[in-house]
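These notes concern the structure reproduced below.
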Amino acid sequence: MSLVIRMALALAILSPLAGVAVVGVRVLLGDRQPGEATTARAIATGLIASVLASLAVLWVFLGITGQAIDGDIEFGDWLRIGDFVIPAVLRVDGISVTISVFASVLTALIARFSRTYLHKEPGFVRFFVLLGLFATGTQLVALAGALELFFAGWEIIGISSAFFIGFFHERGEPVRSSIRAFATYRFSDAGLLIATVVTLEFLGSARFSAFERVGTLEPTQATVLALLFLLSAMGKSAQLPFSGWLPRAMEGPTPSSALFYGAVSIHAGLFLLLRVWPVLEVSPVARAAGVAVGLATAVYAAAVVRVHTDAKGALAHATLAQVGLILAEICLGWTALALAHLVCHALLRLGQYLKAPNMIHDTHRLGHEPHGPSQLERWAPKLADRVYAASLHRLRLDDRIDVAFSPVLGVARLLERADRWVRRTLSLDGAAS
Amino acid sequence: MRLAVEQGASADPIERALERARGVLPDQGPIGVFIHHNTLHAYQHLPFHEGVQAGAEALSARPYLSLRQFRDALASGRIDDRDVRREIALALGPRGPETILPGLTRAELWHQLMVTDADTDDAAGIEFTIRAGIARECANLTLWEACLARARRGPGLGLAERRRFRRHRDVLVALGAADPDVAVHGELIRLGSGFLDQGQAHAPLPGRHQGFLLAVTEFYSNGASAPLACRGAEADMCRVFERKEPASHVIRAILDDLGVRGDDLDAFLFATALALPGFTGMFARLERHPEEHRVEAPATLVDLVAVRLLLERPAIARACRELGVSASWPVLRTLVSPVPPRPAVLDASLLWGLASAAGLGAHEVAAMEDATLEALWAECRAFDDVRRRQLFQEAYERTYRGWVLDALAARRALPADDNEERPRAQFIFCIDEREESIRRAIEEQHPGYITFGAAGFFGVAIDYQGLYDREPAAHCPVVVTPGHEVHERPVYTDLGWHRLRQGARDRWHAWERRAASSSHTLSGGAGMSFLLGPLSAVKTFARVVAPRSSVLWGDRVLSRLAPLPNTRLSTLRPEDGARPAEGRKPVGFSLDESVDRVASVLTNLGLVRSFAPIVVVLGHGSTSLNNPHESAHDCGACGGRRGGANARLFADMANRPDVRDGVRKRGIDIPADTWFIGALHDTASDAVLYYDLETLPALHAAAFDEAWQALERARAENALERSRRFQDAPLDFDAAQALRHVEARSSHLAQPRPEYGHCTNSICIVGRRQLTRGLHLDRRAFLVSYDPAVDTNHTVLERILAAVGPVGAGISLEYYFSSVDNETFGCGTKLPHNVTGLIGVMNGHQSDLRTGLPLQMVELHEPMRLLLIVDATPEALLAVAGRQPEVAELVGNAWIQLVSVDPATGAMAVFERGRFEPYEPNPTLLPVVDRSREWHMRTREHVKPALVRSALPVSAGGQGLRPGATAPGALHA
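These protein sequence lines are chains A and B, in that order.
Sequential numbering from 12 applies to the first sequence in our numbering.
Sequential numbering from -19 applies to the second sequence in our numbering.
Here is the structure:
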């Protein structure tokens, strides 16, 4: 049995990557791009293998035939430097199996959709390679048994997300948006990285199972740790004040928006918090902060939805509102509710995103009803106008972040100028320039 | 001086510049109803090439395909090199044979510049290929060295200044500042879409009933903050709102402040208005057509420009401050750096090409006088890139025209149809070129199946209200205003059921609407997640994995549980003398009006005798999902709507005994045993829906069965012919598989190409079907039935040309522009499109409104002007064009190519350079195939005309009646 589950776990994570490798080798060795059929078949095979493997893990976890398996599954060492060991360990429990099945099925579904949607698109191969990479990232995040592996998956999700946003890189706006999302990820991922190191320091191991010993920590230590996790989750799940990149992420093709910002990636931050719940549990400060951030984001996003005129942007904020709520639910300790809410919500939004371009058709079919004035507009029109302005401008979050980071950019510009001056004076650029 | 200008209102430079911009801005209304039009309609008063070049210049767009695309077409045989030389000779006239270099005439020089890529701007490419030893020039390296040395000595060809500096932003970007337009457009897009929103957002821009300028300035007065790059705009906004300054004052003050005066003003404002063309165009369009805007938000162009400048001024000031330059235009525009000189290697490459063509040696090149070289360069400059492409365009069209006209002449040479038997069934289709293939597929089945083409509103211009429509909508060409309303009403016995069904339907839809909008709210979203999330996942899964079956089963279950009630149209209006209420249109047609409509359509068609027992009238429409451009696939003759109601109405009228009596008095005798049936052909799924079959007399059942089976076979055959164009459908499909394939396309959420629409349009043939029947025209020809024999005074011809000319030109020119420059004239790829405000699409999360056609609709298109071939003498055509100014403009300015075919002799004449020039067809042997699928299923590319034997009349070598082939029930693949 243990062999079956080891095989299944490895397959769930590695088979999409194998598909990517097959396509990648053909891209590198062949003198022209592999065809659509080849690419889609290779990636789809990997994704379907991943679905089957994750179902097999579920099968074993539920103990349908034989002993139910639960807990850490060891795969030896990932890295060993002297005494320092990074274990390759996966974890099978209720949360990880749920997320693994859920993510693999949705990714495979989106691959089927994209096979038709991206037909004849010049970036077809790139799209599918990224999709396979993303699938590996999500499986790694879902099934990792320690923070190091989790972080690897987390970064794969982040990088594929940034590439999907900048998918149409011949235009300026997608590239600007992609860079903004990437920068936000970099900033907030520092939280996870630092948290990993801190966990190693405090607990001696970054395994999720080690968090059972979290009670031995000082309250401040636990709080710092929990806040770092929270920061990381806030960036990935676009919570305030990092919400600015989410509407910009609508630059990619429709199916990638559906998969990332409707279903899987946007919920990854929440999953992180569910995973490290023991730490949050002992830190009331971090939990209070999480509830505040979640509720504030929910209210903010719900207000923005009201004024959004475009289909995808409205959906992005509708999604964000629920993600904020789920964050609050988690921090209030209602983790089971949160997990159910997360999955149901992702399923609802996936369909809505995929049907976003159908807006005109639906309006013709269903007819249209003008929206009446809201209670706020009726009783406090001045305030309503201000709320409208703030929502339309999304609180100018991006501008505020730019202002906050302008000293950093100023230093960077200064360094660049100094670098150019040094190069000029030493003629390092050579005669060519 | 300036004061004097300001006093004359008509001479107001601001209004003048904006007026000029209005002409160029995209003229596309809200996307729910998509109507094809000439993208550069404002330039139609100019000759085609002048208009296209001026329009493209104004929009910085490409007027034609690129030289590379033309050269590829030349290499593939799509352009005949003889036609290229012919165009050069025509353009040059007596100047052609003049010598430019020893051994090189001007005509030869032009030919070299067109067909070879000697004149390139890729210096790095030349250097690389020469170093790698793979360049053309390596064939004669001594000559290359000489050319390089000579080119270095000068004089150079020189580069034309292509950059244009008309606004501060152009200079700032050239100087390396961050583009101020990014912030300005971001703000303008949000405000503009909030203002224009037709109901997508819960809350639109407050106070929008006051107009854009006041709404926006009030918005800022209420404490909104401008984006970082435009900080400082708030104060101006507040001031404008307090003083209620009119937009033109605002614009004038800002222009003054920016130092834009005198002659610069026009260029500045024009460029400013065109900087965000989609939204600006929508404002201008809604200003002219307020009826297309259902919400109270009066849009005006001048308001938009004023708001734009209010935001732009601080952004410019900020950028100038950061760069340390003055924001005053006269100072700023002098700061642009000059164009870098053109690398000598480019001149050398051109010189090498020309010297080789002239047969010059290395020492001759080396010894070339400066004056000779300069003269050569002057010739090259005079025949610039655009001129080369212009001639290529002409050659591209000429080659194709030759193929088509030769094929028509060859078809005409076959013996005429001498069959006097009564036709077995007649089918009246829309003239749409997408119906050419299904007509051919019907005709291939039996010589007794006759098809006709009439503009798809079938002569009945109506405001139609279907059973579940909220209000009537015009079903007729956009230039016509309907005088009648027609309603679909349930029959008496179904009234009760209808009420029940409608109640349930309304409740269900209200619930669906509410669910959709409440799932966006905070509490609703949570509730809906738990309630509908898993269910919706099942639905999404089914729709993605099995698109066709899931829709099919859904429909099947629905039609079992809640079948549609039987309905009739309110066709006839009793003549009780009651006038309709003020402002209301009469519902239904009077007897006389009906007789008029039926008689005139039948006369137009030339269908005045030998009626078949069954006449099927087919309107068309298109169904697709996730396609904001769905309406662009519907019937253009029905104003971007479906033509089913018109077909149904026409058939209903033509079946009435009293109408037939009236028609008989006008000399058209419809026999008592003829029955008309209205139907709708879905051009995406190839489904055919028949109307009012309950009223079909039992006597006609057998005849209808036969017609129905013919259509069943034809639609499958049509699906097959269409699917060869879709690269994801294998070429070895059989017809039934193809039908399933197109049904799946039409119901697939992920399908960006449910159909290719008018993508293959290029010809319009007005004439007797007998002269084209049996000719494979590859879905490229609008086919208009017209019989010159019954039209002695050309009134029918005039009616047809007045309708078909502008509609056909609109479609062909919209496709032309969207394919030559898909990013500027079209709306780019569909994949990132995002519906905004229910008025249009933008790219991704915020971009300009994208107008025109998406890449997926035009990717197969060959951009050419419509080739209008009319079965009428040149005299008749000139007379008709003289009476129809719009046709005269299109033809006279060559926005369409007009060809006259003499009805008696078959002599052809092409309208070129202001008169009809006789065309002598080349004798051609057309390929002959038994069935058209043998011809087109070999390739996915366009196919040339061919003869299809089974569709030809027996007298012309057709196969005639094959025993058993048409017996009812004998369906065969």
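Don't be surprised by glycine CBs; every beta carbon is placed ideally from N, CA and C.
At which residues does the alpha helix (DSSP H) containing T109/B begin and terminate? A103 to A112
Where A312/A and H328/A are concerned, what is the direct C-alpha to C-alpha distance, given to the nearest angstrom? 5 Å
List in chain order: all unbroken alpha helix (DSSP H) runs of 4+ residues lying wholly within the stretch 307 to 352 of chain A. 322 to 342
Less than 8 Å between CB atoms is the rule here; does L426/A satisfy it with respect to chain B? no
Going by C-alpha distance, which of E359/B, Q24/B and A931/B is nearest P865/B? Q24/B
What in chain A is Cβ-close to N202/B, meaning under 8 Å? K393, D396, R397 and A400
Return the residues of the stretch 504 to 538 of chain B that lie within a Cβ-Cβ distance of less than 7 Å from chain A, sorted by chain order. G505, A506, M508, S509, F510, L512, G513, P514, S516, A517, K519, T520, F521, V524 and V525
Residue range of the unbroken alpha helix (DSSP H) whose run includes L56/A: Residue identity check: residue 56/A is Thr in the sequence provided, not Leu. T56/A -> alpha helix (DSSP H) spans E47 to L73.
Output the distance between the C-alpha atoms of G820/B and L141/A, rounded to the nearest integer angstrom. 30 Å
Using the beta-carbon of each residue, which ones in chain A are nearer than 8 Å to L729/B? F124, L365, K366 and N369
Pick helix, strand or coil for R895/B, following the three-state DSSP scheme. strand
Do we get a CB-CB distance below 8 Å when we pair R435/A with the residues of chain B? no
Where does V459/B sit, in a helix, a strand or coil, going by DSSP? coil
Are any of the Cβ atoms in chain A nearer than 8 Å to that of D801/B? no
Starting from V318/A, find everything on chain B with Cβ-Cβ shorter than 7 Å and list it in chain order. G174, A181 and A183
Alpha-carbon to alpha-carbon, R211/B and S665/B: 53 Å
Helix, strand or coil for A204/B, going by three-state DSSP, please let me know. coil
Which residues does DSSP list as the beta-bridge partners of L927/B? L755/B and V908/B
Alpha carbon to alpha carbon, how far is I(-6)/B from G3/B? 15 Å
Decide if the stretch 296 to 312 of chain B is in contact with the stretch 140 to 156 of chain B; the criterion is three or more beta carbon pairs, one per stretch, under 8 Å apart. yes
So which of G824/B, Q717/B, R759/B and C456/B has the shortest CA-CA distance to V784/B? C456/B
I want to verify the contact list: residues of chain A whose CB lies under 8 Å from the CB of D177/B, in sequence order. T320
Could you list which residues in chain A have their beta carbon closer than 7 Å to that of H500/B, in chain order? V316, A325 and A329
With 8 Å set as the bound, which would you pick, yes or no: does the beta-carbon of Q8/B sit closer than that to a beta-carbon of chain A? no
Is there contact between the stretch 539 to 550 of chain B and the stretch 457 to 471 of chain B, where contact requires at least three CB pairs shorter than 8 Å? yes
Considering only their Cβ atoms, is the gap separating P368/A from E262/A smaller than 8 Å? no
In the DSSP assignment, what residue or residues form a beta bridge with L848/B? C744/B and L878/B
Take every Cβ of the stretch 789 to 801 of chain B, pair it with every Cβ of the stretch 237 to 247 of chain B, and state whether three or more of those distances are shorter than 8 Å. no
Within 8 Å of any Cβ in chain A, is that where the Cβ of G937/B sits? no
Verify whether the separation of the beta carbon atoms of G624/B and G599/B is less than 8 Å. yes
Any chance you could list the beta strand (DSSP E) runs of at least 3 consecutive residues sitting entirely within the stretch 192 to 246 of chain B, in chain order? none
For R146/B, which option in G790/B, E735/B, L238/B and A390/B has the closest C-alpha, if you only look at C-alpha atoms? L238/B
Straight-line gap, G619/B to E132/A (C-alpha atoms, nearest Å): 32 Å
Please list the terminal residues of the continuous alpha helix (DSSP H) segment that includes I819/B. Segment: none, I819/B is in no alpha helix (DSSP H) and carries neither H nor E.
With distance defined between alpha-carbon atoms, name the residue in L719/B, A307/B, R144/B and A709/B nearest to L691/B. L719/B
For S444/A, I'd like the list of residues in its chain whose CB is within less than 8 Å of its CB, leaving aside the five on either flank, ordered along the chain. Confidence at S444/A is low in this model, with a pLDDT of 38, below 50, so its placement is unreliable and the value that follows should be read with caution. Result list for S444/A: empty, nothing under 8 Å.
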